[in-house]
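Undergrad:
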Amino acid sequence: MGGYGVAAVFDSGHNGPTVLFRADMDALPIEESNLFAYRSCNKGIAHLCGHDGHTSILVGLAKILSVNQPKKGKVVLLFQPSEETGEGAAKVISDPKFKRIKPDYAFGLHNLPGFEKGTIYTRVGTFASASTGMIIELKGLSSHAAHPEDGNNPDRAMANIILGFNKIASEKAGFKDFVLLTVIHAKLGEVAFGTTPGKATVMATLRSFENGDMQLLKQKAESVVNSICSEYNLKHTITYQEEFPATINHPESNEIVKDACNKLVLKHHSLSLPFRWSEDFGHFSNICNTAFFGVGAGINHPQLHNEDYDFPDEIIEPSILVFEQVLSQLLNG
Ligand SMILES: [Zn+2]
Ligand SMILES: [Zn+2]
838 MGGYGVAAVF
848 DSGHNGPTVL
858 FRADMDALPI
868 EESNLFAYRS
878 CNKGIAHLCG
888 HDGHTSILVG
898 LAKILSVNQP
908 KKGKVVLLFQ
918 PSEETGEGAA
928 KVISDPKFKR
938 IKPDYAFGLH
948 NLPGFEKGTI
958 YTRVGTFASA
968 STGMIIELKG
978 LSSHAAHPED
988 GNNPDRAMAN
998 IILGFNKIAS
1008 EKAGFKDFVL
1018 LTVIHAKLGE
1028 VAFGTTPGKA
1038 TVMATLRSFE
1048 NGDMQLLKQK
1058 AESVVNSICS
1068 EYNLKHTITY
1078 QEEFPATINH
1088 PESNEIVKDA
1098 CNKLVLKHHS
1108 LSLPFRWSED
1118 FGHFSNICNT
1128 AFFGVGAGIN
1138 HPQLHNEDYD
1148 FPDEIIEPSI
1158 LVFEQVLSQL
1168 LNG
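Start counting the sequence shown at 838; every next residue gets the next number (my numbering).
#1: Confirm, please, whether the CB-CB distance from K911 to V843 is below 7 Å.
#2: Let me know if P866 comes out buried or exposed under the rule of 16 or more other beta-carbons within 10 Å of its beta-carbon.
#3: Under 6 Å: does the beta carbon of C886 sit that close to some heavy atom of ligand 3?
#4: Let's test the definition: count the other Cβ atoms within 10 Å of the Cβ of I1157 and tell me whether it reaches 16, buried, or not, exposed.
#5: Would you mind sorting K928 into buried or exposed? The rule is 16 or more other CB atoms within 10 Å of its CB.
#6: For L1017 and F1081, what's the separation of their Cα atoms in angstroms?
#7: Assign V1028 to buried or exposed, taking buried as 16 or more other Cβ atoms, counted over all protein chains shown, within 10 Å of its Cβ.
#8: How far does the alpha helix (DSSP H) with Q1056 in it extend, from its first residue to its last?
#9: Verify the contact flag: E1068, CB atom, against every heavy atom of ligand 2, threshold strictly below 6 Å.
#10: Figure out for me which residue from K936, E924, G890, M1040 has the closest Cα to the Cα of E1116.
#11: I'd like to know if the segment 1066 to 1086 and the segment 1006 to 1014 are in contact, where contact means that at least 3 CB-CB pairs between them fall below 8 Å.
#12: What's the C-alpha gap between V1094 and V1039?
#13: Since F1121 contacts A926 with CB under 8 Å, what's their CB separation in whole angstroms?
#14: To the nearest angstrom, how far is it from the Cα of S1109 to the Cα of G962?
#15: Taking 6 Å as the line, does the beta carbon of L1141 fall inside it for any heavy atom of ligand 2?
#16: Round the Cβ separation of A1041 and F1002 to the nearest angstrom and send it over; I've been treating them as touching at under 8 Å.
#17: How should F1221 be labelled, buried or exposed, when 16 other C-beta atoms within 10 angstroms of its C-beta is the threshold for buried?
#18: Ignore the nearest five residues each way along the sequence and tell me which others in Q1078's own chain have a CB closer than 8 Å to its CB.
#19: Could you tell me whether the Cβ atoms of L895 and L914 are closer together than 7 Å?
#20: Would you mind reading off the limits of the beta strand (DSSP E) that contains T963?
#21: So, using beta-carbon positions, are P1088 and T1033 closer together than 7 Å?
#22: DSSP state of V1020, grouped into three classes?
#23: Whole angstroms is fine: what's the gap from K936's alpha carbon to Y841's?
#24: Buried or exposed for T1084, going by 16 or more other Cβ atoms inside 10 Å?
#25: Tell me the rounded alpha-carbon separation between D863 and T1074.
#26: Looking at the strands, I want to know which residues DSSP matches up with V1028.
#27: Any heavy atom of ligand 2 closer than 6 Å to the Cβ of E921?
#28: Specify the secondary structure class of A1083 as computed by DSSP and reduced to three states.
#29: What is the DSSP secondary structure of R993, counted as helix, strand or coil?
#30: In the DSSP assignment, what are the bridge partners of A1175?
#31: Do P991 and L975 count as a contact pair if the criterion is CB distance below 7 Å?
#32: Counting only runs that start and end within the segment 908 to 962, where is the alpha helix (DSSP H) found for 4 or more residues in a row?
#33: Buried or exposed for T959, going by 16 or more other Cβ atoms inside 10 Å?
#34: Alpha carbon to alpha carbon, how far is A883 from F916?
#35: Taking the C-alpha atoms as reference points, what is the distance between E1154 and S1045?
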């Protein structure tokens, strides 16, 4: 479903909740520098975010379920594509086949380099931030560089938009919690010394801990663009891409994960702040009771998306056991 997604459903045949476990399974367009035997076979593409590990964890849970079916309700193992672009979860959820699944609970995890290996990291409320890419195209009028007065160069508008965006991010006025607005790209005209440019592009990434703050951040950014474009008499378009809602952990589901760790005598830690990065698991937070947790990949482990990253296999087994405990609390009690 949703393109390359696969859902395996274990139905007990008895009434009870539907509990979904999700693993992302996409790779990245990065050339791996590791030389070991199991390095990626595909040039320029590698599993450098550990989604192969997340997939292995879900396959491990499937192995347990194949001999140990749930006593009530249903278990859904969802192998989800396209997490990195923020498209996969939304596509799976909007697939007509997903309507038959209707989960009551959804759980997911991500490995965390820089954190103690095997420790489980939880948080009530926002776990990972909302984020979205904003693209602003400015349209003036090109002319000969010797006669800029015959055209409309968007250079000052472009500069003022960048300054205006930096002001929004630094003022923080009106926001409930942390927001970030990072200009990531800007382009004015083409390299042509004989021409006054007539076009410009500005791109920015918007981030917030709260979904409500993302709406406000978009409004503020759009109003900066609108007022500057009217001041300089420019046409413009604003589009968004790679939109991730915040991943929000429900207190009940988060507690179930913590209970599972306690039963397994696994070290766990409650994070004081959400992560600034985003996870498209947030789309599941919009439709059911969810908890997303981190599994430490090791303090000195190469970071996600580094060319020498390698998923630490030692964290597969404890992760399977956490999922199994969560499942058994909800469906075997
Ligand atoms: Zn990832
Ligand atoms: Zn990633």
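Heads up, the beta-carbon is just placed ideally off N, CA and C, and yes, glycines get one too.
Here the structure is a predicted model, which is why all the values come from computation and not from measurement.
TA: Let's see:
#1: Locating residue 843 in the sequence shown gives position 6, where the first residue counts as 1. Locating residue 911 in the sequence shown gives position 74, where the first residue counts as 1. Going by C-beta atoms, V843 is not nearer than 7 Å to K911.
#2: Counting from one through the sequence shown, the residue named residue 866 turns up at place 29. Label assigned to P866: exposed.
#3: With respect to ligand 3, the structure offers nothing, as its ligand set consists of ligand 1 and ligand 2.
#4: Mapped onto the sequence shown, residue 1157 falls at position 320. Buried, because 16 or more other Cβ atoms sit within 10 Å of the Cβ of I1157.
#5: Numbered from 1 along the sequence shown, position 91 holds the residue referred to as residue 928. Buried.
#6: Along the sequence shown, read from residue 1 onward, the residue named residue 1017 stands at position 180. Along the sequence shown, read from residue 1 onward, the residue named residue 1081 stands at position 244. Distance between the alpha carbons of L1017 and F1081: 14 Å.
#7: Here residue 1028 refers to the residue found at position 191 of the sequence shown. Looking at its Cβ environment, which holds fewer than 16 other Cβ atoms inside 10 Å, V1028 is exposed.
#8: On the sequence shown, position 219 is the one that residue 1056 refers to. Note, Q1056: alpha helix (DSSP H), 1048 to 1068.
#9: Start at 1 with the first residue of the sequence shown, and residue 1068 comes out as number 231. No, ligand 2 has no heavy atom inside 6 Å of this Cβ.
#10: Against the sequence shown, residue 1116 aligns to sequence position 279. Checking every option, the nearest Cα to that of E1116 belongs to E924.
#11: no
#12: Sequence index remark: in the sequence shown, residue 1094 carries index 257 (1-based). Sequence index remark: in the sequence shown, residue 1039 carries index 202 (1-based). Looking at the two C-alpha atoms, the distance is approximately 42 Å.
#13: Here residue 1121 refers to the residue found at position 284 of the sequence shown. Here residue 926 refers to the residue found at position 89 of the sequence shown. Right, their Cβ atoms sit about 6 Å apart.
#14: Taking the sequence shown and counting its residues from 1, the one referred to as residue 1109 is at position 272. Taking the sequence shown and counting its residues from 1, the one referred to as residue 962 is at position 125. S1109 and G962: Cα-Cα distance of roughly 11 Å.
#15: Against the sequence shown, residue 1141 aligns to sequence position 304. Yes, ligand 2 has a heavy atom inside 6 Å of this Cβ.
#16: Taking the first residue of the sequence shown as position 1, residue 1041 is located at position 204. Taking the first residue of the sequence shown as position 1, residue 1002 is located at position 165. Yes, they are in contact, since the Cβ atoms of A1041 and F1002 sit about 6 Å apart, within 8 Å.
#17: The structure shown does not extend to residue 1221, since the chain is modelled only from 838 through 1170, so no value can be given for it.
#18: Residue 1078 sits at position 241 when you count from the first residue of the sequence shown. Here the set comprises T969, G970, I972.
#19: Here residue 895 corresponds to residue number 58 of the sequence shown, with the count starting at 1. Here residue 914 corresponds to residue number 77 of the sequence shown, with the count starting at 1. Going by C-beta atoms, L895 is nearer than 7 Å to L914.
#20: Taking the sequence shown and counting its residues from 1, one reaches residue 963 at position 126. T963 -> beta strand (DSSP E) spans 962 to 965.
#21: On the sequence shown, residue 1088 is found 251 positions in, with the first residue counted as 1. On the sequence shown, residue 1033 is found 196 positions in, with the first residue counted as 1. Cβ distance not < 7 Å, so P1088 and T1033 don't count as in contact.
#22: In the sequence shown, the residue the question calls residue 1020 occupies position 183. Note: V1020 maps to strand in three-state DSSP.
#23: Taking the sequence shown and counting its residues from 1, one reaches residue 936 at position 99. Taking the sequence shown and counting its residues from 1, one reaches residue 841 at position 4. Cα-Cα distance, rounded: 17 Å.
#24: Mapped onto the sequence shown, residue 1084 falls at position 247. T1084 comes out buried.
#25: Counted from its first residue, the sequence shown places residue 863 at position 26. Counted from its first residue, the sequence shown places residue 1074 at position 237. Approximately 31 Å between the Cα atoms of the pair.
#26: Here residue 1028 refers to the residue found at position 191 of the sequence shown. Note: V1028 sits in no beta bridge, so no partner.
#27: Taking the sequence shown and counting its residues from 1, one reaches residue 921 at position 84. Yes, the Cβ of E921 comes within 6 Å of a heavy atom of ligand 2.
#28: Position 246 of the sequence shown holds residue 1083. A1083 falls in the coil class under three-state DSSP.
#29: Start at 1 with the first residue of the sequence shown, and residue 993 comes out as number 156. Reduced to three states, the DSSP call for R993 is helix.
#30: Since the first residue of the chain shown is 838 and the last is 1170, residue 1175 is not available in this structure.
#31: Within the sequence shown, residue 975 is the residue found at index 138, counting from 1. Within the sequence shown, residue 991 is the residue found at index 154, counting from 1. Taking 7 Å as the Cβ cut-off, L975 and P991 qualify as a contacting pair.
#32: 925 to 931
#33: For the purposes of this step, residue 959 is taken as residue 122 along the sequence shown, with counting starting at 1. So T959 ends up on the buried side.
#34: Stepping through the sequence shown from its first residue, residue 883 is reached at position 46. Stepping through the sequence shown from its first residue, residue 916 is reached at position 79. Approximately 18 Å, taken between the alpha carbons.
#35: The residue given as residue 1154 occupies position 317 in the sequence shown. The residue given as residue 1045 occupies position 208 in the sequence shown. E1154 and S1045: Cα-Cα distance of roughly 33 Å.
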